[in-house]
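If you're matching positions, the sequence shown starts at 1414 in my numbering and goes up one per residue. Taking it in order: structure first as structure tokens, then the write-up.
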Amino acid sequence: MHNRPRRNRKSAALRSLVRETRLEVSQLIYPLFLLEAKKANNPILSLPGQSQLGLEDLLQEVETSMNLGIESFVLFPAVENKHKDKTATYSYTADNFYLKTIREVKKRFPECVLMSDVAMDPYSSDGHDGYVDNNGKIDNDRTLPILAKMALAQAEAGIDILGPSDMMDGRVGYLREALDEKGYTGVSIMSYTAKYASAFYGPFRDALDSAPKGGDKKTYQMDFSNKREALREAMLDEDEGADMLMVKPALCYLDIINDLKTFSHLPIAAYNVSGEYAMVKAAGARGWINETAAMEEMLLSIRRAGADIILTYFAKDFASLKK
Ligand code: PBG
């Protein structure tokens, strides 16, 4: 036998020498949940280790994370029911707590990268990402101006990257035009390009109390049987001016991540979503799997598939491991 692949695996140092994929902490985006309060830390039961945070607690969490080398964050608001309505008015109400938090984080930590969520669901009394008409249908074109108002308010507050997560047609181009018209040419868009109608968003909807009041999200989020359709979405997002493309969830969609990486020249992100995190945490807590090893294997597989950026609730756990 001249060829013995095992020779390249004989020690930790040699394995490290021939390692094909690495993941750096600076490639992670850490999702944080906020609520309207100065001080608050309400643990989210279905997302062990994550909490809804008041402003001061959130600033503290950003500081702790930055000390671990995490530089990028995405913010999601838990909005009280009294602020929710059919047209998500609160999302662009001047100085709402989400916009105030963006301002505060950028003031305290100007060097961090801050990403927002652009979608109606946290603010909508219907719990949908788009505007629900009187027949219960999601009206794509009535949603776009609402998203644009939300995006402009976030841009004005100082956001670095907008994250449209709603899957309405034409929204990337619509937002780009609205931003440019108002002079926000430097604000980036990371499009949720291939966001699938997934069972893995459960804990996130608990965290924000944002589950749809009626129906499901299948008329806008993608069918998980489809692959070529993701390339069509990617082509449109590129044409419309997206700066980065995202696949979501990550683990059941490694093939899609790989396709987009091959097809596009834009940076590719993957969202390691709440259900993917919760499964590992739950099995780990019972001693059924080694949580840390499973986390590393998961994150590296997402990277190996082609993701340049990973949004993950594991950001702090992974960063602590690498410290
Ligand atoms: C909704 C949104 C969702 C997530 C991010 N933005 C959930 C949904 O589409 O219902 C899910 C993130 C996660 O599960 O971690 N705009």
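Positions of the beta carbon are idealized from the N, C-alpha and C atoms, including for glycine.
Just tell me which of the options has its CA closest to the CA of residue i.
i: Ala1450; options: Thr1514, Ile1551, Gly1596; result: Thr1514
i: Ile1681; options: Gly1697, Ala1655, Arg1699; result: Ala1655
i: Ala1624; options: Ala1698, Ser1537, Gly1697; result: Ser1537
i: Leu1356; options: Lys1640, Leu1592, Gly1462, Ala1453; result: The chain is shown from 1414 up to 1736; residue 1356 falls before or after that span and cannot be answered.
i: Leu1447; options: Glu1474, Thr1434, Glu1689; result: Glu1474
i: Asn1743; options: Gly1571, Asn1480, Phe1613; result: Because the chain spans 1414 through 1736 in this model, residue 1743 falls outside it and cannot be assessed.
i: Leu1658; options: Lys1630, Gly1615, Ala1720, Asn1703; result: Ala1720
i: Ala1507; options: Phe1489, Leu1565, Pro1490; result: Leu1565
i: Pro1616; options: Thr1502, Arg1589, Ile1669, Gly1462; result: Gly1462
i: Arg1645; options: Leu1575, Arg1716, Glu1517, Leu1673; result: Leu1673
i: Ala1785; options: Lys1631, Arg1716, Lys1694, Tyr1505; result: Residue numbering for the chain in the displayed model covers 1414 to 1736; residue 1785 lies beyond these limits and cannot be assessed.
i: Ile1574; options: Leu1488, Glu1709, Thr1725; result: Leu1488
i: Ile1722; options: Tyr1605, Asp1622, Glu1642; result: Tyr1605
i: Lys1640; options: Ile1457, Ala1607, Thr1632, Gly1628; result: Ala1607
i: Met1648; options: Val1660, Phe1676, Ile1572; result: Phe1676
i: Val1531; options: Pro1490, Ala1620, Phe1522; result: Pro1490
i: Arg1717; options: Tyr1666, Arg1521, Thr1477; result: Tyr1666
i: Ser1578; options: Tyr1633, Glu1709, Asp1619, Glu1704; result: Tyr1633
Shorter than 7 Å, the distance from the beta carbon of residue i to the closest heavy atom of the ligand PBG, or not?
i: Ala1532; result: yes
i: Asp1579; result: yes
i: Arg1420; result: no
i: Gly1719; result: no
i: Asp1542; result: yes
i: Lys1513; result: no
i: Val1492; result: no
i: Phe1613; result: yes
i: Arg1618; result: yes
i: Tyr1684; result: yes
i: Lys1630; result: yes
i: Ser1638; result: no
i: Gly1688; result: yes
For residue i, write down the residues that DSSP places opposite it in a beta bridge.
i: Gln1465; result: Phe1446, Asn1455
i: Thr1725; result: Asn1685
i: Met1479; result: BP columns for Met1479 are empty, so no partner.
i: Asp1498; result: Ser1537
i: Ser1485; result: Ile1442, Val1526
i: Pro1680; result: The partner list for Pro1680 (beta bridge, DSSP) is empty, contrary to what the question assumes.
i: Met1635; result: Tyr1609
i: Pro1756; result: Only positions 1414 to 1736 of the chain appear in this structure, which leaves residue 1756 out of reach.
When we look at the beta-carbon of residue i and count the other beta-carbons within 10 Å, is it buried (16 or more) or exposed?
i: Pro1418; result: exposed
i: Val1600; result: buried
i: Met1414; result: exposed
i: Ser1464; result: buried
i: Leu1734; result: exposed
i: His1541; result: buried
i: Arg1435; result: exposed
i: Gly1549; result: exposed
i: Gly1583; result: exposed
i: Pro1444; result: buried
i: Pro1558; result: exposed
i: Lys1729; result: buried
i: Val1585; result: buried
i: Lys1630; result: buried
Uninterrupted beta strand (DSSP E) stretches inside the region 1575-1632 (no shorter than 3 residues): Secondary structure within the region 1575-1632: the beta strand (DSSP E) runs of 3 or more consecutive residues, fully enclosed, are 1601-1608 (chain order).
Counting only runs of 3+ residues fully inside the region 1646-1677, write out the beta strand (DSSP E) ranges in chain order. The region 1646-1677 contains these whole beta strand (DSSP E) runs: 1657-1661.
Which runs of the beta strand (DSSP E) spanning at least 3 residues fall entirely within the region 1513-1570, listed in chain order? Runs of the beta strand (DSSP E) inside the region 1513-1570: 1526-1528.
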